[in-house]
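Structure first, then comments.
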Amino acid sequence: MLQVITESFFLLMTTANLTVDSPMQSPEQLLGIYYRFPVENPWHKGEISFRGHEKTVLEWKNQAGVSWDLFPDLEHNKLKTGSGNPYYQSGTKEFNLQFRDGELIGFLFGSDFFAVADYVGIPQLSGGLKGYLSMGLLEVPEGFGYGVSFYASVWSLINKPLAGFQIGLPSTWIIPDNRDFKRPLCPPGTVARDNWPERGPYYQDVFQTIEGGIGYWVSTQFGSTQPKYRINGTPNGYNHEISSPGWGFGSVIPLKPEEIGIAQLSNSLLIPPDGITFGKETRGAMIGNAWMALPLTDSNKTSHGPTGEMCWTLFLNTSNFSGPVAFWIPEIWSYLSQSYPAINGRGLDNQPGRIASGAMEINTVPYFESTDDAGNIYRRIPQLRFPVNQNGLTILMRDVRLYSRLSIYKRLKDWSAGKPFPHGRFDEHFDACRVPRMRSHPFSLVQGESNTPLFAENILEPIVTEKDGSYAFALKWLSSETEGLFPEYYKLKDQVMEPVEIENVPQETNLVNQQFIEYNFKNSYRHVSVGNQSENDAKIAAGPFNIELVDGSIVTYSWYRFIDQPALNRFNWSPSKREKLQDLVENIHSEWSVRKEFMSAPQLGELVALDSSLVLTPPKGLEIGFVPIATQQSYQ
């Protein structure tokens, strides 16, 4: 795969930024062999040549024997690919030429950099940081798997958008609680079952997940120094991942109808496919995040198998929005069991969730490696910045709460039986909520292809603090001189990478002069089309409209009656079921305002602001029972 997953090569200039001035005058100047380092498979080496003898069309052919046409657009420093490119349908359609000091040094294809074969310079590898900064929940009580809420800090880790950069800020994972089930949950043919034997024999933690949160991703199409909030999850052992009401995680191509699993619920907050953006200043303010199981639909049994009633619903709490945002459609969790009935009833549509930890997940960070005259190895990663409070702490995650069936779940069930509509607060009932204790895990990050341990115990320490029965997971900075600055330079010593100050990096390594490649991809998310497009268009109640986000992208959206949104079109629900759900949503819109308090406020800290462009006011006449649906995201 050419997109970055774990180890990838990026090439950087030694003394200057990559330029946009193209000296290319003719396609002949592009001919030659290119490498993606490290070369790990035949796809990582290829050649640009003329196809045939007429010298009219360029061709890329890799050592695996796969080839496709290239069409030069030298004015814009691009080679557009033909449809034979196997990544064409996922939106990776061009080679972006890169230059240094007027000389061609290679091209970017997706997130991967292919260097000209005769390039001499310092390569930039991916893998500068890998691992987790994590904590575990202690004594998770039985019966409290119907929801989780917490607050997480939002801040800018980096001062410019970086290509090949992926770090998740603090969040958690939810999986169905199948500890009593001793059979494989993932059938053959799933990514998890076929590729991850270490997760067996039951594959409980990779069968189905709700994850995502705040972070930076290599699959982001519109780069920003600010993190974004992205939903994510998999219903089928990572065969595909779902990130919004129309798109998956990491692809600009809309999901197929049978893959769609998230429905828009809010009538005040729009979900862009590239993630929810924040206001322009995020310096450690808190976002409240909750996933609550709600019985929005009735369980049912068909010839294909049973589907439960649990609709895992995202709630956010910020300074300019509070309330439910979207929910997972139960049928997406039970779909896999149609061909694998052994797991009937084992999905998140029917099983309580299991929540056991929280973490920053560090996946893809670029780095340089060089040696001094004595052969000592030095490395450099991008400067990562953390907000620090007056106590020398970076608060990562705090105020975790777990919820039972007696929370909002039961009160919605009671409403369907004729009782008043619930106020919405999660912890009104004494037995509805529990506060679990936390335990921090030791610092454990590695670097490079050989996963060399990183030593930073004298700089920072993961800890848990407690005040008045509330817990916070934090980083404690051990020196005021390095507060909030993660080490940037390292030296290999006794098989460990130890931080060194910039003044102690030998000049001959040339590391200080390196600059990390900036993110410059601008692939548009294509228009959502589910089923009969003319039928979908006929159901638009208002729009389309455009808004501009802080990342510079333009989101196109339209208003639909909730039950008529494209994500719900594929389900052959009865008219009575559709109207019952529509009635429930109209009550939610009427009774649960965007300023209502659903989860307790954070014990300490202020709330972050979402990008104000995403907080919408419904058009006149569409205030109740209608929702905004993003149909496209692009640059101007």
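With the numbering used here as the guide, the letters of the sequence shown map in order to residues 21 to 656. Ideal placement from N, C-alpha and C gives every residue a C-beta, glycine not left out.
7 Å Cβ cutoff met for residue i and residue j
i	j	result
residue 16	residue 114	In the structure displayed, the chain extends from 21 to 656; residue 16 sits before or after that span and is not available.
residue 311	residue 230	yes
residue 422	residue 228	no
residue 634	residue 339	no
residue 175	residue 374	no
residue 650	residue 575	yes
residue 494	residue 479	no
residue 328	residue 259	no
residue 188	residue 60	no
residue 299	residue 248	no
residue 257	residue 210	yes
residue 579	residue 648	yes
residue 378	residue 190	yes
residue 234	residue 264	no
residue 639	residue 562	yes
residue 392	residue 529	yes
residue 266	residue 274	yes
residue 125	residue 139	yes
residue 178	residue 245	yes
residue 584	residue 559	yes
residue 315	residue 433	yes
residue 86	residue 297	no
residue 614	residue 503	no
residue 74	residue 89	no
residue 653	residue 573	yes
Integer-rounded CB distance, given that residue j should sit under 8 Å from residue i
i	j	result
residue 250	residue 232	5 Å
residue 506	residue 384	That belief does not hold up - the Cβ atoms of residue 506 and residue 384 are roughly 16 Å apart, past 8 Å.
residue 412	residue 496	6 Å
residue 143	residue 419	In fact, because the Cβ distance is near 44 Å, the residues do not count as touching under 8 Å.
residue 147	residue 469	6 Å
residue 278	residue 403	Incorrect: roughly 44 Å between the Cβ atoms, too far for contact.
residue 401	residue 346	Going by Cβ atoms, the distance from residue 401 to residue 346 rounds to 35 Å, so no, they are not a contact pair.
residue 335	residue 91	With a Cβ gap of about 47 Å, residue 335 and residue 91 do not count as contacting.
Option in the options with minimal Cα separation from residue i
i	options	result
residue 93	512, 43, 398	43
residue 524	318, 623, 399	399
residue 537	199, 132, 50	132
residue 240	218, 539, 201	539
residue 45	88, 98, 72	98
residue 77	68, 85, 83, 84	68
residue 541	615, 70, 117, 90	117
residue 445	96, 638, 343	343
residue 309	341, 95, 280	341
residue 306	425, 171, 289	171
residue 56	129, 280, 431, 596	129
residue 516	532, 500, 527, 474	474
residue 465	453, 452, 481	481
residue 137	66, 526, 119, 616	66
residue 581	606, 593, 202, 596	606
residue 180	405, 119, 89	405
residue 301	636, 531, 286, 631	631
residue 612	95, 285, 280, 512	285
residue 498	514, 477, 510, 512	477
Where residue i falls, given that 16 or more other Cβ within 10 Å makes a residue buried
i	result
residue 64	buried
residue 588	buried
residue 609	buried
residue 337	buried
residue 387	buried
residue 655	exposed
residue 395	exposed
residue 253	buried
residue 425	buried
residue 546	buried
residue 450	exposed
residue 105	buried
residue 135	buried
residue 351	buried
residue 643	exposed
residue 500	exposed
residue 645	buried
residue 149	buried
residue 366	buried
residue 167	buried
> Quick one: any contact between the region 342-361 and the region 480-491, if contact means 3 or more CB pairs under 8 Å?
Replying inline: Verdict: no, contact absent.
> If you pair each beta-carbon of the region 154-164 with each one of the region 449-465, do three or more pairs fall below 8 Å?
Replying inline: At 8 Å Cβ cutoff, the stretches touch.
> Does the region 212-226 touch the region 196-203, meaning 3 or more C-beta pairs lie closer than 8 Å?
Replying inline: Yes, the region 196-203 is in contact with the region 212-226.
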